[in-house]
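What follows is a set of notes on a single structure, which appears directly below.
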Amino acid sequence: MRVNFSISCIIFFLLAIQIKTYADKIIVDKNTAINSISKAIEIANPYDEVIIKSGHYKEGNIIITKPLKFIGENNPVIDGENQNEIFTVHADDVSISGITFKNAGVSFLKENAAVRFENTKNGIVSDCKFYGNFFGVYLAKSKNCKVLNNYFEAYGKKETSSGNGIHLWYCRDSEISGNKIKGHRDGIYLEFVKQTTISKNYGSNNLRYGLHFMFSDSCRYYTNHFEKNSAGVAVMYSRYVDMEGNMFNNNWGPASYGLLLKDISRSKIERNYFIENTTGIFIEGCDGSEFLNNQFEKNGWAIKLMANSMENIFISNNFIANTFDLSTNSRQNFNKFNANYWSKYDGYDLNKDGIGDVPYRPVKLYSIMAQQNEPSLILLNSLFIDLLNIAESVFPSLTPETLVDESPMMRKLN
Amino acid sequence: MIELKNIEKSFGKYQVLKDISLNIEPGKITAIVGPNGSGKTTIIKSILGLVKPDKGEILINNKSVIKEHLYRKDIGYMPQVASFPDNLTVTEVFNMISDLRKQSVNGNANLINILQLESEMNKKIKTLSGGNKQKVSACIALMFDPKIIILDEPTAGLDPVASANLKKKIIEQRDAGKTIILTSHIMTEIEELSDNILFLIEGKIVFDGTLKNLVELSGQAKLENAIAAMMDKDFKWN
Amino acid sequence: MELIFKIIKFEFSNALRSKWILFYFSFFLILSFLMFNFEDETGKAVLSLMNIVLIVIPLVSIIFGTMYVYNSNDYIQMVLCQPLDRKSLYFGLYLGNAIPLALSFVVGILAGFIFTGANTEGIAPILILTINGFALTLIFTSIAFLTAIKFSYKAKGLGASILIWLMLAVIYDGLILFVTYFFRDYPIENIILGISLINPIDLARIFFILDFNISALMGYTGALFNKFFGTSLGVLVSSGLLILWFVIPFLFGLRSFNKKDF
Chain A
1 MRVNFSISCI IFFLLAIQIK TYADKIIVDK NTAINSISKA IEIANPYDEV IIKSGHYKEG
61 NIIITKPLKF IGENNPVIDG ENQNEIFTVH ADDVSISGIT FKNAGVSFLK ENAAVRFENT
121 KNGIVSDCKF YGNFFGVYLA KSKNCKVLNN YFEAYGKKET SSGNGIHLWY CRDSEISGNK
181 IKGHRDGIYL EFVKQTTISK NYGSNNLRYG LHFMFSDSCR YYTNHFEKNS AGVAVMYSRY
241 VDMEGNMFNN NWGPASYGLL LKDISRSKIE RNYFIENTTG IFIEGCDGSE FLNNQFEKNG
301 WAIKLMANSM ENIFISNNFI ANTFDLSTNS RQNFNKFNAN YWSKYDGYDL NKDGIGDVPY
361 RPVKLYSIMA QQNEPSLILL NSLFIDLLNI AESVFPSLTP ETLVDESPMM RKLN
Chain B
415 MIELKNIEKS FGKYQVLKDI SLNIEPGKIT AIVGPNGSGK TTIIKSILGL VKPDKGEILI
475 NNKSVIKEHL YRKDIGYMPQ VASFPDNLTV TEVFNMISDL RKQSVNGNAN LINILQLESE
535 MNKKIKTLSG GNKQKVSACI ALMFDPKIII LDEPTAGLDP VASANLKKKI IEQRDAGKTI
595 ILTSHIMTEI EELSDNILFL IEGKIVFDGT LKNLVELSGQ AKLENAIAAM MDKDFKWN
Chain C
653 MELIFKIIKF EFSNALRSKW ILFYFSFFLI LSFLMFNFED ETGKAVLSLM NIVLIVIPLV
713 SIIFGTMYVY NSNDYIQMVL CQPLDRKSLY FGLYLGNAIP LALSFVVGIL AGFIFTGANT
773 EGIAPILILT INGFALTLIF TSIAFLTAIK FSYKAKGLGA SILIWLMLAV IYDGLILFVT
833 YFFRDYPIEN IILGISLINP IDLARIFFIL DFNISALMGY TGALFNKFFG TSLGVLVSSG
893 LLILWFVIPF LFGLRSFNKK DF
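Chains as they are written, first to last, in this note's numbering: chain A, 1 to 414; chain B, 415 to 652; chain C, 653 to 914.
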């Protein structure tokens, strides 16, 4: 046993040395013999470094079947000429950095990506630029991958002819961080993904969602910024999702939400900022989730809470200068609101404990009216509407009676 | 000098002036007489442009004045009821009007004296008695030495001394060649002052001529009786 | 022109002597000061101020303006006996009334805002608030003048003014709401938008929400609404209509004034 073990150790050690010894640098340069990436891949041994010098490379679809490290020097450009997928990776341990990928072709049959990882482990894409690609980085059935500090820009006009910036499908234990994504269909798309972290990304002006997230449990996303996406961010059919410190702003439009939560359970939405969205959060069919310390400012509707949502709690959030703080579609309420700050609250605090002595009813009659009967939005801030709201708050007849914040804060929470 | 041609005016359903045509003789005092509501003040206000006639023309020095305003610099007007901004003093009112007319007070500075207004000069209009307001109004009508002077019930509410002084002043003005139109209910005053008489009944001129003619026509010795006789429905005009 | 200035000067000094205008100025100064001082959020302060402006300015302007015309009757008669044209007098009276009112409001609000040094992030809504208040003062003063000149009796004129205010400030919106519900199965959004723009108070309100509540307005699915609210079309149309609301009653008032018998 002992000898056996020693031998295996030695063999392993030798192997390691051998690997190290053969980790050559292969330089791709238009002016040398190795003037194409395909050629470099052909002659490369596993774990070699492929250094790509500046130049415009048009090589169709490049398939990578060996663990290689691609490093771009002086900004090489690899062009898919609007026809092909560019990199298709079938090997583990492939890393790609410093390369500009252009024009992965739009196709209605195939989801062409600038970089695709298929059934791999430990892939890394970092510090790359992606312009005008159908899909940017596509990870399928892969594990433990990283997509870091890349820049994505696409120019699609329609949702149907446009792909996603970063697309994950059946992946786990991955990290997506520090990317900027503009003009794709969805900035980041996740489907059947587990235990993945999404952080410090910036998604703006995407045709659909900044982040689109489905059937993906136990993921965490924090400190991302989603702005001016035509439909905001959607998180659907998932459990145990942590959303922290993200910024959702200026997502405008009738079907646009800072954050759309659909069928989400046991999740946590904490310390996020929702600023000037048509709807801050749209909540449908969610249960057992916590909404803590979020900031809702100048949204049309801070929260639209559909009545099929239950046992959610909203504590210590700031609701500041929203047109409507809350609207719902039923007189029933199974959620709890407590100790939030509502800038519209005009109660008093006689015992000076910082908690208003009169409960606050965040659902106003007019918010229900505006929802049922859109043209009445034109009466926003009208004296007549104020009078109606006052009458309703004295004798609630259409607004949910149990939807009350019993201890509204007098001051904004930090 | 002042000529009205076919003037008509209604207030609502009520026709106040019915086809009035008349000529005011320059350099004379013309008195407009008639019962209450006969249209005396309306004629005066039409000449001033305060009332806009429905039809007809008003000529002063052969120029139509209906849409004009500058001709009023030659007119001094004393209304039946004086109206000034309440919270100004008499001096301020005088200055303001002088400023608006761009005319300075000339010749008639002694008016204040004659009408015994010296002690009232720094009082606010709202504290003045009705008589004193009338005096202020009379001063304004005369103080810019206008060529035409229009006085609506000038002595109503004045004390006898002021009244006498004002009348004296009016005659003085006539003698200086001014054209004067006045209305009054005091017949002795009209006898005393006027050269010509315009007699109105229900918006129509029933007599336009000299005082002498009127008295002769009625066959009465006194104007008062003459007027009374004429107002009788059975009076035969010939 | 010179005459207009003389009249404005007189009316102005008259207005400054009046306790009402001082009261009106202090009202806005104190209000603005309190709002900006005690509200954490500039946005909320501006919103509250806007709600007050939309109610108070039309009401005060129309009542004050109507009273003013009746109370100026003596002055008007006195001036009309002088060699002055009615147009100058009307302009002078109008400006002599509207300017002190508008200035009291503008200076009061802005002084309160500047004194408290409230954060300047919200400068656009404050500008709109000021412009709106200013425009409403001019508009309702011109409506007041028209009303007062049309009605010879003070009590009637004042009653009419209050009725006009009540109609435009409250009842009109109730009617709009009724229409939106009653015809909600029909595509009536363009009509709703149209009738809202007819009312100057609604117009000022929409002008304000175009900036302030744009996030909510963008939630509306109607194409015209979106075009109206989403582009500068909304701002252009509403400011154009605000100007019309000032010009039309003013010219009608002037016409009536020219014909009026004193």
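Glycine is no exception: its CB is placed at the ideal position from the N, C-alpha and C atoms.
| Asked | Found |
| --- | --- |
| How close, in whole Å, do the beta carbons of B/F558 and B/Q517 come, if the pair is a contact with beta carbons under 8 Å? | 5 Å |
| Go ahead and pull the three-state DSSP assignment for B/I611. | strand |
| Opposite A/R220 in the DSSP bridges: which residues? | A/T197 and A/D242 |
| When you check each C-beta in the region 705-731 of chain C against every C-beta of chain E, which residues fall closer than 9 Å? | Of the protein chains in this structure, namely A, B and C, none is chain E. |
| Give a yes or no on whether 8 Å exceeds the smallest Cβ distance from A/G60 to chain C. | no |
| Inspect the beta-carbon positions of A/M243 and A/Y221 and report whether they are closer than 8 Å. | yes |
| Does DSSP put A/I71 in a helix, a strand or coil? | strand |
| Contact criterion: CB-CB distance below 8 Å. Does A/I378 meet it with respect to chain C? | yes |
| Going by alpha carbons, who is nearest to A/E81 out of A/S265, A/T88, A/F134 and A/S327? | A/F134 |
| If you measure from the beta carbon of C/L862 to each beta carbon in chain A, is any gap under 8 Å? | no |
| Report yes or no: do the region 52-64 of chain A and the region 30-43 of chain A share at least 3 C-beta pairs separated by less than 8 Å? | yes |
| Can you confirm whether C/D825, when its beta carbon is compared against all beta carbons of chain B, has any partner nearer than 8 Å? | no |
| Over what stretch of residues does the beta strand (DSSP E) that includes A/A113 continue unbroken? | A113 to E118 |
| Could you please give the first and the last residue of the uninterrupted beta strand (DSSP E) stretch that includes C/N689? | Looking at the DSSP string, C/N689 is not in any beta strand (DSSP E); the run it does join, the alpha helix (DSSP H), is K671 to F690. |
| Residues of chain A with CB closer than 7 Å to the CB of C/L885, please, in chain order. | The premise fails here: C/L885 is roughly 15 Å from chain A at the closest Cβ pair, so nothing lies under 7 Å. |
| Could you check the C-alpha separation between B/I526 and B/I511 for me, to the nearest Å? | 16 Å |
| Against C/I840, what residues of chain A qualify as contacts under a CB-to-CB distance less than 7 Å, listed in chain order? | P375 |
| Would you verify that the beta carbon of A/G163 is, or is not, closer than 8 Å to some beta carbon of chain C? | no |
| Go ahead and label C/A812 buried or exposed: buried means 16 or more other beta carbons lie within 10 angstroms of its beta carbon, across all protein chains shown. | buried |
| For a contact meaning CB atoms closer than 8 Å, what does C/L736 contact in chain B? | H483, R486 and L514 |
| Indicate whether B/I641 and B/V447 have their beta-carbon atoms separated by less than 8 Å. | yes |
| Would you say the region 719-739 of chain C touches the region 375-382 of chain A, given that touching needs at least three Cβ pairs under 8 Å? | no |
| So with CB distances below 8 Å, who are the chain C contacts of A/A321? | E693, G695, K696 and L699 |
| Hey, does C/I795 have any beta-carbon neighbour from chain A nearer than 8 Å? | no |
| What does DSSP give as the partner residues of B/Q429 in its beta bridges? | B/S424 |
| Looking only at C-alpha atoms, which of C/T799, C/E654 and C/Y872 sits nearest to A/Q371? | C/Y872 |
| With 16 other CB atoms within 10 Å as the buried threshold, where does A/A302 fall? | buried |
| Do you know how far the Cα of C/M870 is from the Cα of A/Q195? | 36 Å |
| For a quick check, are the C-beta atoms of C/Y862 and C/F881 less than 8 Å apart? | Before going further, note that residue 862 of chain C is Leu rather than Tyr in the sequence given. Yes, they are a contact pair. |
| Give the straight-line distance between the Cα atoms of A/I71 and A/N84, rounded to the nearest whole angstrom. | 21 Å |
| What distance in whole Å lies between the Cβ atoms of A/L139 and A/F117, which are believed to be in contact at a cut-off of 8 Å? | 5 Å |
| Along the chain, where does the beta strand (DSSP E) that runs through B/T624 open and close? | K618 to T624 |
| So, with DSSP's three-state summary, where would you put C/I659? | helix |
| According to DSSP, is C/G785 part of a helix, a strand, or is it coil? | helix |
| Write down the C-beta distance between C/A796 and C/T718 rounded to the nearest angstrom, noting that I regard them as a contact closer than 8 Å. | 5 Å |
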